[in-house]
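What follows is the structure, encoded as structure tokens:
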């Protein structure tokens, strides 16, 4: 065994070059890089769709696109951003960071890892190809509610199979991360010493394995309802269209925590670093994340309060939903307490992390409002909902991703990013994102429905403001790309430690981290534990 | 738990994952074209499946060669075990979606359609003559469906199939005992019995489907009963078929002298999978056929 491995290590330095390196790689850093670049590309494709939406909504009336195409844009924007941008970005960070953070030589199942990445470009070509098909891209909303979604044209089976395909990728990725964390930790890296990014990712992985197959089942039933005569979602045959909503949201609610839990992990890495204090309440952070994950499975019907559920259901799902505020509150409290009396500096990652805490909390509060059944009857399907989930997803998940990118980019590339450019990116983004989404609260409370290309004239002013915010936010993200490209191509040399206050195994490695790391496990003394 | 994985085996670059992805992509593309009635669909689908089989052959071939070449020690083994365990859990959740649909329609939607709970208006204004019943043979709308004359009774073929699958769970365990004391003939006989019982199950299930379609008029288009019946038993039958193929591969490898008393993860993975389809069947037998 050891001889074989020694031979293997020597042999390994000559990895394939050119295109073949990327197609066939089993290296977690290569695969992580591909995930992150793929995610960035999808972020811009999904973002372009958002720009089309905001362009059409700039003024009342129909100016630029027809309503069918507008509906395709809202549908595809969501699918691309959720499954193409945010989820792969988390898996990309996990690929890069989990082995480094736990002192493992690579991911546990490297070939499976390559497979789960390479599914994505193919799954998205199935999905994005529908834009050019007769009948257009799917336009029934990303939630795919029947009977509406069954009216999709040629795109329909492509939509279903694309969802199956990306689901397979997510499950394979999640299994890999679980096997890596539970099997490959360095000696001395006990579970309660794991960095919180690793903890939140394991919990996310369990959510993925438990929820994605349910989505696969739901869309399979849609497929057979459309093509094979089943009546799962047709009352005429004894089924129920509302049943789809239950099955879908049984997946869908854990899914929103899949999108946000790793963000909590990143904030919990960045805030202690720049506050130069250990994370406040490490173990309560772990338990809070686990509690949120558990609750996420028993709150799904808060997405469907207006559908006509029995009263007992409305009440149960309201109480369960509001309960989530408790562990989430614990987390926000801990981040704030970590900063309390810290010697803080405000480099770009910290700016994004602080903005994450503040703006995500706003999204959390509007979520609480939506969780209260009687008032949700007013907010349901209005722009208030749109404002809510964009606060938690854009200024929550995406902000944390951006923060994480600036934070670990020096470790990945070996160069510091351009701090001035990063700060400019932060301020432009943060001002514009609030101009973009805050007015949507007002629009929603005033009754503007979501997913409609036209609106009554009394909504005109705030829509125009929101669109201007949207265009500035979209343009600001080009600064992000420029910053990343500049950092890859050169810049001030990064030290191993990179940040004065950084703690954890990944900062004991040189920058950039070598192609193979921790072929021998790190000494137990270098493991300080997640408390730092 | 985590010690001494200095020599964890990290495989070299491999072309199998990307080629497997391309094969699956061709399958999905061909499947979608077929459903959209494009003439090129079925051929594309066929090409996709053939290339998928070739890719899996290559990929698993590499894994088997590495395993027999002694590349996998304790830590690799644990990774594989965790991978298989959580893969099976994801399969459980896939079936959960369909069981959920069964329970929801049986307990809620069918009852609501006949006016239960607060749904008097639903009943009154949609299909006032509809009466809840299970198995649901008379549907709310009286056209556009293939009405079933009857359903498959539990205590005929399904009970026999239950006995067959439970016995096969026993024979695979018996084969495992043989493997653990390195009695090869015992192992091979046990596996051969298991494969034969699996194949017999699939054969009988196919006969049952034929009976349902041709004589009972129970089809996918027979309302919610037919839909849940065929998707649950169909996906289960598909998993039994896959499991039988996997067992046959293990049998073939056992005959070639693969596996040792301590080192036989592939056998155990397939055995776990086999017990999983067994447990799903018990659920099916109770909730689909019997109750």
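Residue numbers (the working numbering), protein chains in the order written: chain A, 7 to 538; chain B, 4 to 294. All C-beta atoms, glycine included, are put in the ideal place defined by N, C-alpha and C. Please read all numbers here as calculations on a predicted model, not as lab measurements.
What did DSSP end up calling residue i once you bin it into helix, strand or coil?
i                      : result
residue 388 of chain A : strand
residue 183 of chain B : helix
residue 35 of chain A  : helix
residue 199 of chain A : helix
residue 337 of chain A : helix
residue 122 of chain B : coil
residue 213 of chain B : helix
residue 426 of chain A : helix
residue 152 of chain B : coil
residue 455 of chain A : strand
residue 421 of chain A : strand
residue 5 of chain B   : With a pLDDT of only 38 at residue 5 of chain B, under 50, the local geometry of the prediction cannot be trusted, and the value read off the model is given with reservation. In the structure shown, residue 5 of chain B sits in coil (DSSP, three-state: anything other than H, G, I, E or B).
residue 279 of chain B : helix
residue 14 of chain A  : Residue placement at residue 14 of chain A is poorly supported in this model, since its pLDDT is 43, which falls under 50; the coordinates still yield a value, given next. Helix, per DSSP.
Taking the continuous alpha helix (DSSP H) assigned at residue i, which residues delimit it?
i                      : result
residue 251 of chain A : 247-281
residue 298 of chain A : 288-301
residue 125 of chain A : 116-135
residue 483 of chain A : 466-495
residue 355 of chain A : 354-377
residue 130 of chain B : It is not in any alpha helix (DSSP H) - residue 130 of chain B carries neither H nor E in the DSSP assignment.
residue 172 of chain A : 161-189
residue 330 of chain A : That residue, residue 330 of chain A, is in no alpha helix (DSSP H); it is neither H nor E in DSSP.
residue 93 of chain A  : 93-108
residue 84 of chain A  : 73-85
residue 30 of chain A  : 24-30
residue 113 of chain B : 113-116
Between the Cα of residue i and those of the options, spot the shortest distance and give me the residue it belongs to.
i                      : options                    : result
residue 170 of chain B : B/199, B/21, B/69          : B/199
residue 24 of chain B  : A/109, A/178, A/81         : A/178
residue 114 of chain A : A/185, A/55, A/483         : A/185
residue 80 of chain B  : B/18, B/89, B/266          : B/266
residue 154 of chain A : A/228, A/164, A/167        : A/228
residue 350 of chain A : A/507, A/389, A/397        : A/507
residue 55 of chain A  : A/78, A/34, A/42           : A/78
residue 523 of chain A : A/26, A/23, A/482, A/34    : A/34
residue 53 of chain B  : B/27, B/107, B/63, B/244   : B/27
residue 216 of chain B : B/232, B/83, B/204, B/202  : B/232
residue 84 of chain B  : A/204, A/181, A/257        : A/181
residue 32 of chain B  : A/166, A/149, A/53, A/146  : A/166
residue 341 of chain A : A/296, A/306, A/272, A/220 : A/272
residue 116 of chain B : B/143, B/62, B/11          : B/143
residue 57 of chain B  : B/34, B/42, B/19, B/45     : B/19
residue 459 of chain A : A/283, A/239, A/81         : A/81
residue 250 of chain B : B/181, B/288, B/196        : B/196
residue 240 of chain A : B/241, B/229, B/242, B/236 : B/229
residue 53 of chain A  : A/461, A/396, A/498        : A/396
residue 50 of chain B  : B/29, B/214, B/192, B/59   : B/29
residue 559 of chain A : A/161, A/189, A/274        : As displayed, chain A neither begins before 7 nor continues past 538, which places residue 559 of chain A out of reach and without an answer.
residue 262 of chain A : A/122, A/235, A/403        : A/403
Any beta carbon from chain E within less than 8 Å of residue i's own beta carbon?
i                     : result
residue 92 of chain B : The structure shown has no chain E; the protein chains it does contain are A and B.
Sequence ranges, alpha helix (DSSP H) only - wholly within the segment 29-88 of chain B, length at least 4:
Secondary structure within the segment 29-88 of chain B: the alpha helix (DSSP H) runs of 4 or more consecutive residues, fully enclosed, are 44-71 (chain order).
Mind listing, in chain order, the continuous beta strand (DSSP E) runs of no fewer than 3 residues lying wholly within the segment 232-271 of chain B?
Listed in chain order, there is nothing to give.
Stretch-stretch touch, CB-based, cutoff 8 Å, three pairs: the segment 239-251 of chain A with the segment 99-115 of chain B
yes
Would you say the segment 217-230 of chain B touches the segment 143-155 of chain B, given that touching needs at least three Cβ pairs under 8 Å?
The segment 217-230 of chain B is in contact with the segment 143-155 of chain B.
Any 3 or more C-beta pairs closer than 8 Å across the segment 53-69 of chain A and the segment 114-127 of chain A
no
Touching by the beta-carbon criterion (3+ pairs, under 8 Å), the segment 275-282 of chain B and the segment 172-188 of chain B
yes
Are the segment 142-153 of chain A and the segment 73-91 of chain A touching, with three or more C-beta to C-beta distances below 8 Å?
yes
Taking 8 Å as the threshold, find out whether the segment 357-377 of chain A comes into contact with the segment 329-346 of chain A through three or more Cβ pairs.
yes
With a cut-off of 8 Å, do at least 3 Cβ pairs link the segment 195-211 of chain A to the segment 132-139 of chain A?
Flag = no, the segment 195-211 of chain A and the segment 132-139 of chain A do not touch.
Contact between the segment 425-434 of chain A and the segment 514-534 of chain A is defined here as three or more beta-carbon pairs at a separation below 8 Å; is this criterion met?
no
Below 8 Å, can you find three or more Cβ-Cβ pairs linking the segment 410-420 of chain A to the segment 486-495 of chain A?
yes
The segment 431-446 of chain A in contact with the segment 296-308 of chain A per 3-pair CB rule at 8 Å:
These segments do not touch.
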